[in-house]
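Engineer: Numbering (my numbering), first residue to last: 92 to 154.
Every residue, glycine too, gets a C-beta built ideally from N, C-alpha and C.
Right, I'll just put the structure down here and ask away after.
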């Protein structure tokens, strides 16, 4: 499963990938959607299992 993520970078803060709410069965469908919608290069297709657990883990460490 792949998700559509937007890379957000703020001044003096680390960049982060923000989920855009779309999930695809494979990377090729995700990339095709980016191409069809003519989204800028800040949008990326990433494995959902690899991104979401990492964000949860970071949030748990902050507590």
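Apply the 10 Å Cβ neighbour rule to residue 94 and answer buried if 16 or more other Cβ atoms are within range, or exposed otherwise.
Structural biologist: Residue 94 comes out buried.
Engineer: At a cut-off of 7 Å, is residue 118 close to the ligand PLP when judged by its beta-carbon and the heavy atoms of the ligand?
Structural biologist: Here there are no bound small molecules, and the ligand PLP is not part of this structure.
Engineer: Taking Cβ positions, are residue 109 and residue 92 nearer each other than 8 Å?
Structural biologist: Taking 8 Å as the Cβ cut-off, residue 109 and residue 92 do not qualify as a contacting pair.
Engineer: Rounded to a whole number of angstroms, what is the C-alpha to C-alpha distance between residue 134 and residue 125?
Structural biologist: Approximately 7 Å between the Cα atoms of the pair.
Engineer: Between the C-alpha atoms of residue 121 and residue 98, what's the straight-line distance to the nearest angstrom?
Structural biologist: So the alpha carbons of these two residues sit roughly 15 Å apart.
Engineer: Going by the CB atoms, is the gap between residue 137 and residue 96 shorter than 8 Å?
Structural biologist: Yes, the pair counts as a contact, with Cβ atoms nearer than the cut-off.
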